[in-house]
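*Asks:* Attaching a single structure in structure tokens format; questions to follow.
Protein chains: 2
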Amino acid sequence: MTRIEYELVARDGRARRGVLHTGHGEVSTPAFMPVGTRGTVKTLGSEDLEGLGARIALANTYHLYLRPGVDLVAEAGGLHRFMALDAALLTDSGGFQVMSLADLNRVDADGVTFRSHLDGSSHRFTPEGTTEVQARLGADIVMCLDECLPANSDRAAHLVAVRRTSAWARRCRDVYGAHFSTYDYPQALFGIVQGGIHAELRRRSVGEIVDLDFGGYAIGGLAVGEPKAATLETVEQMDALLPQESPRYLMGVGYPDDLVHCVARGVDLFDCVLPTRNARNGMAFTRQGRLVIRNAAYARASEPLDPHCDCWVCRRYSRAYVRYLLHAGEILGLRLVTYHNLHFYLGLMREMREAITAGCFALWQAKFFESYDAAAA
Amino acid sequence: MTRIEYELVARDGRARRGVLHTGHGEVSTPAFMPVGTRGTVKTLGSEDLEGLGARIALANTYHLYLRPGVDLVAEAGGLHRFMALDAALLTDSGGFQVMSLADLNRVDADGVTFRSHLDGSSHRFTPEGTTEVQARLGADIVMCLDECLPANSDRAAHLVAVRRTSAWARRCRDVYGAHFSTYDYPQALFGIVQGGIHAELRRRSVGEIVDLDFGGYAIGGLAVGEPKAATLETVEQMDALLPQESPRYLMGVGYPDDLVHCVARGVDLFDCVLPTRNARNGMAFTRQGRLVIRNAAYARASEPLDPHCDCWVCRRYSRAYVRYLLHAGEILGLRLVTYHNLHFYLGLMREMREAITAGCFALWQAKFFESYDAAAA
């Protein structure tokens, strides 16, 4: 294959069922991408991702750039070979982590200068630089460098961010174009739409970004603290403005109910640390809502994390054992909840895909919310 | 089955090939028991132990007694059900951990008083108490409470320990006898021989312990700092004095070469934290010796931990990736080396069993030491 293609297979209301054809296999969408921050989904190996049926995962450019470094990953033949993963990979631009993790970051019109949180060394990410870094890491999907503001930023700041994001997007695209190849498989560059929850800024941003003709489009700058109704309204607005023939990726979202709401509004790709990070904090996702497994109530509970789940964790282990492992600080506990939570997330996506194909997504959604209590636990 | 039986299948020199028939399956000996200190072999689940072909594992009474507590494990139906493990389990008496981990421990003729390292609470282990605790935990093999001295203890102290160990062994046996059942499967009590490296004290200890007629016998108090030649000499002495029809367990041993030397001297069961603890410190065991995977030399090494190994870790991952994971502090790194090391240990035991059955153990041993460099890395 010469380039990454998105194929729209079915629509049901605004919900979309599609296939992303990549050099590392077909990704059925809507899909959730487990977050493999530093080249591993914490506690899991690539064999576990295969077991989960994950056909795409995310890795963080900021972390991999600092350690083990791009040269080392490139020498290994790219991130897929380094991680021994035969599935698609998307890398972020690194900009978000620079803002949240790095010390002394400074944004100017040309890029971001920052100090490593590991050793204080000084680095600079420019649109051209992060594109090249991601290309050499070997991501199937490479993200443009953008400027993502906190939810409480004012309109003027969002306008500056939208302009800068568009200017940077053009510079990212000018490096290799929207479709290129660093190794022996195709890579695609995705543009990112910004604009906070300001409808007219979003309209401007999406127009400028789509004009640049990317391999796909991400909705950035949401789920950063704004009201949930505003998130959903913006996602709905994006569905009308983004090209139907391109994949849409909602960055950093979310809880299971968020995924359902946003699939209903035409999103194809998601990523979020919630199922994995919350797992390590002892929260299990179930069809009845969230389960805080560390609670004393589960000390003697012989049932599995989720009685309706058929993952190997739930087929084998009791809540009591998992709770004990977490309290004892045993690594196995983190691993078991992580695996279960991803199984839950990926199972949810699979159900939604099937419902869209069957043309009964609205019914499926209503039934989901009958049993799912977002506020549970 | 009504009781745990040991069947001696073949001898080759002093090396013994046998089968331990337990309520949780047959354990082919000589066997190495992975150490599941707190009810999990660190980083691994029971499904991993199954994958490794481990038919017996060890758990530590001291830790499980303090947390989650015996009542909770008993309510779950015993440790096998709690851990969801369908393999045999041996528990130690807890005495060794009391001496090494607990605060303010005080040994008297009747037992050991100690404070928990977790919360400072006061506890007491007596021969009767630890036997009951292990029985309720549900171990297939229950160990007598003994007194294990440091290698630098003098002969007089060893004499006291031998006397006390014999007196305690009798009291342990008097609780339920050498064969009993707390759940729906048989359990056996093993006696422990002490005496340091003093041949006449060992002779006395083994005589007194064997007179009590246990389900099996452990050689305790070795590999605690004495010269290796003295360890092997004592093991060899034990082979001549222990009944051939009972299983022999050498506690806390050891490195791969130690296992080979001691199988050659008639030992059937081993346990040691080395393959798992050293894994977490970045040491991989290979047929060529030890590999300190954190070394800079492996930063770009594309070969597996052990090029001669067929475990899934070695079939999939490079030294470079494993090294990176360990440096990044990623849990997956600990898990990968742990799995590989146990695969190496269990594979070594399987090879030895096959060599004994084939009657070529001496030849196998010579070939092993041709390639294995104990001092490597």
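Chains as they are written, first to last, in the working numbering: chain W, 340 to 716; chain C, 340 to 716.
Glycine included, each C-beta is placed from N, C-alpha and C at the ideal position.
If we ignore side chains and look at the alpha-carbon of each, how far apart do W:G605 and C:D645 end up?
*Replies:* To locate residue 605 of chain W, count along the first sequence from 1; it is residue 266. To locate residue 645 of chain C, count along the second sequence from 1; it is residue 306. Those two C-alpha atoms are separated by around 48 Å.
*Asks:* Can you tell me which of the three DSSP states W:L359 falls into?
*Replies:* As a first step, residue 359 of chain W is located in the first sequence; it is residue number 20 there, counting from the start. It is a strand residue.
*Asks:* For C:L528, which of C:V472, C:V374, C:V574 has the nearest alpha-carbon?
*Replies:* Residue numbering aside, residue 528 of chain C sits at position 189 when the second sequence is read from its first letter. It is C:V472 whose Cα lies nearest to the Cα of C:L528.
*Asks:* Given that a residue counts as buried once 16 or more other Cβ atoms are within 10 Å of its Cβ, and exposed if not, what is C:G468?
*Replies:* For the purposes of this step, residue 468 of chain C is identified with residue 129 of the second sequence, where counting begins at 1. Buried, since its Cβ has 16 or more Cβ neighbours within 10 Å.
*Asks:* Does C:A490 come out as helix, strand or coil in the three-state DSSP assignment?
*Replies:* What you label residue 490 of chain C is simply residue 151 of the second sequence in a count that begins at 1. Coil, per DSSP.
*Asks:* Output, in sequence order along the chain, the residues in the region 504-527 of chain W whose CB is closer than 8 Å to any CB in chain C.
*Replies:* Within the region 504-527 of chain W, no residue qualifies.
*Asks:* Taking DSSP as the reference, what is the three-state secondary structure of W:S367?
*Replies:* Counting from 1 along the first sequence, the entry for residue 367 of chain W is found at position 28. It is a strand residue.
*Asks:* What is the DSSP secondary structure of C:F707, reduced to helix, strand or coil?
*Replies:* Here residue 707 of chain C corresponds to residue number 368 of the second sequence, with the count starting at 1. In the structure shown, C:F707 sits in a helix (DSSP, three-state: H, G or I).
*Asks:* Would you call the region 406-421 of chain C and the region 671-680 of chain W in contact, with 3 or more CB pairs under 8 Å?
*Replies:* With a cut-off of 8 Å, the region 671-680 of chain W and the region 406-421 of chain C do not count as touching, because too few Cβ pairs lie within range.
*Asks:* Considering just the uninterrupted stretch of the beta strand (DSSP E) at W:F453, what are its terminal residues?
*Replies:* Indexing the first sequence from 1 puts residue 453 of chain W at position 114. Run containing W:F453: 450-454, per the beta strand (DSSP E) assignment.
*Asks:* Any Cβ of chain W within less than 8 Å of the Cβ of C:P369?
*Replies:* What you label residue 369 of chain C is simply residue 30 of the second sequence in a count that begins at 1. False, the Cβ-Cβ gap to chain W never drops below 8 Å.
*Asks:* Taking the Cβ atom as the reference point for each residue, do C:G477 and C:G417 lie within a distance shorter than 8 Å?
*Replies:* Position 138 of the second sequence, counted from the first residue, corresponds to residue 477 of chain C. Position 78 of the second sequence, counted from the first residue, corresponds to residue 417 of chain C. Yes.
*Asks:* How big is the Cα-Cα spacing for C:A716 and W:Y711?
*Replies:* Taking the second sequence and counting its residues from 1, one reaches residue 716 of chain C at position 377. Taking the first sequence and counting its residues from 1, one reaches residue 711 of chain W at position 372. With a pLDDT of only 45 at C:A716, under 50, the local geometry of the prediction cannot be trusted, and the value read off the model is given with reservation. Approximately 55 Å between the Cα atoms of the pair.
*Asks:* Please report the Cβ distance between C:L373 and C:V602, rounded to the nearest whole angstrom; I am assuming they are in contact, meaning their Cβ atoms lie under 8 Å.
*Replies:* What you label residue 373 of chain C is simply residue 34 of the second sequence in a count that begins at 1. What you label residue 602 of chain C is simply residue 263 of the second sequence in a count that begins at 1. In the sequence as presented, Leu is not what sits at residue 373 of chain C; that position holds Pro. No, C:P373 and C:V602 are not in contact; Cβ-Cβ is about 17 Å, not under 8 Å.
*Asks:* Are there 16 or more other CB atoms within 10 angstroms of the CB of C:R692, so buried, or fewer, so exposed?
*Replies:* Here residue 692 of chain C corresponds to residue number 353 of the second sequence, with the count starting at 1. Label assigned to C:R692: buried.
*Asks:* Note down, in chain order, every chain C residue with its Cβ under 9 Å from the Cβ of W:L681.
*Replies:* Indexing the first sequence from 1 puts residue 681 of chain W at position 342. Residues of chain C passing the Cβ test: none, with the nearest at roughly 14 Å.
*Asks:* Does DSSP put C:Y522 in a helix, a strand or coil?
*Replies:* If you number the second sequence from 1, residue 522 of chain C lands on position 183. C:Y522 falls in the coil class under three-state DSSP.
*Asks:* Say whether chain W places a C-beta atom closer than 8 Å to the C-beta of C:A716.
*Replies:* As a position in the second sequence, residue 716 of chain C is number 377, starting the count at 1. Low per-residue confidence applies at C:A716: pLDDT is 45, beneath 50, and the placement is therefore not dependable, though the value from the model is reported in the following sentence. With 8 Å as the cut-off, C:A716 does not count as an interface residue toward chain W.
*Asks:* For C:M688, does the three-state DSSP call read helix, strand or coil?
*Replies:* Residue numbering aside, residue 688 of chain C sits at position 349 when the second sequence is read from its first letter. C:M688 falls in the helix class under three-state DSSP.
*Asks:* Could you tell me which residues DSSP pairs with W:L528 in its beta bridges?
*Replies:* For the purposes of this step, residue 528 of chain W is taken as the residue at position 189 of the first sequence. Bridge partners of W:L528: W:V481.
*Asks:* Where C:Y656 and C:F464 are concerned, what is the direct C-alpha to C-alpha distance, given to the nearest angstrom?
*Replies:* Along the second sequence, read from residue 1 onward, the residue named residue 656 of chain C stands at position 317. Along the second sequence, read from residue 1 onward, the residue named residue 464 of chain C stands at position 125. Answer to the nearest angstrom: the Cα atoms are 45 Å apart.
*Asks:* With C-beta atoms as the reference, is C:H402 less than 8 Å away from C:T376?
*Replies:* As a working note, residue 402 of chain C is residue 63 in the second sequence. As a working note, residue 376 of chain C is residue 37 in the second sequence. Contact flag set, yes.
*Asks:* Measure the alpha-carbon distance for C:K706 versus C:G672 and round it to whole angstroms.
*Replies:* What you label residue 706 of chain C is simply residue 367 of the second sequence in a count that begins at 1. What you label residue 672 of chain C is simply residue 333 of the second sequence in a count that begins at 1. Using only the alpha carbons, I get a separation of about 31 Å.
*Asks:* Using three-state DSSP, classify W:M340 as helix, strand or coil.
*Replies:* To locate residue 340 of chain W, count along the first sequence from 1; it is residue 1. DSSP places W:M340 in coil when its eight states are reduced to three.
*Asks:* Is DSSP giving W:N620 helix, strand or coil here?
*Replies:* One-based indexing of the first sequence puts residue 620 of chain W at position 281. The answer is coil: DSSP assigns W:N620 none of H, G, I, E or B.
*Asks:* Would you say C:R475 faces chain W, with C-beta separation under 8 Å as the test?
*Replies:* Counting from one through the second sequence, the residue named residue 475 of chain C turns up at place 136. No, C:R475 lies away from the interface with chain W (no Cβ there is under 8 Å from its Cβ).
*Asks:* Which residue spans inside the region 580-633 of chain C form an unbroken beta strand (DSSP E) run of at least 3?
*Replies:* Within the region 580-633 of chain C, the complete beta strand (DSSP E) runs of at least 3 residues are 587-589, 608-610, 622-625, 628-631.
*Asks:* Between the C-alpha atoms of C:E575 and W:S641, what's the straight-line distance to the nearest angstrom?
*Replies:* As a working mapping, residue 575 of chain C is identified with position 236 in the second sequence. As a working mapping, residue 641 of chain W is identified with position 302 in the first sequence. Using only the alpha carbons, I get a separation of about 47 Å.
*Asks:* Round the Cβ separation of C:A659 and C:R639 to the nearest angstrom and send it over; I've been treating them as touching at under 8 Å.
*Replies:* Numbered from 1 along the second sequence, position 320 holds the residue referred to as residue 659 of chain C. Numbered from 1 along the second sequence, position 300 holds the residue referred to as residue 639 of chain C. Confirmed, about 5 Å.
*Asks:* Could you work out which residues of chain B lie near W:P407, taking near to mean beta carbons separated by less than 7 Å?
*Replies:* No chain B is part of this structure, whose protein chains are labelled W and C.
*Asks:* Taking Cβ to Cβ, would you say W:L571 is nearer than 8 Å to W:V592?
*Replies:* For the purposes of this step, residue 571 of chain W is identified with residue 232 of the first sequence, where counting begins at 1. For the purposes of this step, residue 592 of chain W is identified with residue 253 of the first sequence, where counting begins at 1. It is not a contact, given that the beta carbons lie outside the stated cut-off.
*Asks:* Mind checking if C:K706 is an interface residue toward chain W, Cβ cutoff 8 Å exclusive?
*Replies:* As a working mapping, residue 706 of chain C is identified with position 367 in the second sequence. Output row for C:K706: interface = no.
*Asks:* Would you call C:M340 buried or exposed, if buried means 16 or more other Cβ atoms sit within 10 Å of its Cβ?
*Replies:* The count along the second sequence starts at 1 and reaches residue 340 of chain C at position 1. Exposed is the call here.
*Asks:* From what residue to what residue does the alpha helix (DSSP H) around C:H402 run?
*Replies:* On the second sequence, residue 402 of chain C is found 63 positions in, with the first residue counted as 1. Where C:H402 is concerned, the enclosing alpha helix (DSSP H) stretches over 400-405.
*Asks:* Could you tell me whether any Cβ in chain W is nearer than 8 Å to the Cβ of C:G382?
*Replies:* Counting from one through the second sequence, the residue named residue 382 of chain C turns up at place 43. According to the sequence provided, residue 382 of chain C is Thr. The question's Gly does not apply to it. By this cut-off, C:T382 is an interface position.
*Asks:* Looking at the C-beta of C:A636, does it have a partner C-beta in chain W at a distance below 8 Å?
*Replies:* Taking the first residue of the second sequence as position 1, residue 636 of chain C is located at position 297. No, its Cβ sits nowhere closer than 8 Å to a Cβ of chain W.
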